[in-house]
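What follows is a set of notes on a single structure, which appears directly below.
Numbering (the numbering used here), first residue to last: 14 to 108.
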């Protein structure tokens with residue numbers, strides 16, 4: 014716990030503090046009642062980079078993006094209304 018707290022201090026995480034059982038159980042009543050302490054950092058977040066990348070890809074596809082797998086981009090050219098992406102499998106226009 015102290016290592017995580019020290020890392021937070023080094024990274025300038027604001028409002029971070031170590032909380033004890035009563036406060037923890039008020040926030041999360043379904044936790045083990047034997048909990049001792051927790052690091053509370055309301056301004057911080059932890060994400061999985063893999064899950065974020067998958068979610069962003071799914072969102073892009075839901076909004077009309079065509080995903081081109083196993084395709085090497087060899088050049089990108091700026092055009093008046095977007096870009097032309099040149100690949101080993103053809104050329105594609107992008108905004």
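For each residue, glycine too, the CB sits at the ideal point set by N, CA and C.
Does DSSP put residue i in a helix, a strand or coil?
i	result
residue 92	strand
residue 103	strand
residue 60	coil
Could you give the residue range of the alpha helix (DSSP H) that holds residue i?
i	result
residue 16	15-23
By Cβ distance below 6 Å, which residues in the same chain neighbour residue i in space, the five residues on each side in sequence not counted?
i	result
residue 90	97
residue 105	98
Pull up the distance between the alpha-carbon of residue i and that of residue j, whole angstroms please.
i	j	result
residue 72	residue 95	20 Å
residue 81	residue 34	50 Å
residue 18	residue 58	14 Å
Could you name the residues of the same chain whose beta carbon sits closer than 8 Å to that of residue i, not counting the 5 residues immediately before and after it, in chain order?
i	result
residue 86	98, 99 and 100
Point to revise | Every unbroken alpha helix (DSSP H) within the stretch 25-75, with a cutoff of 4 residues, ordered by chain | key: 34-40 and 62-75, all fully within the stretch 25-75.
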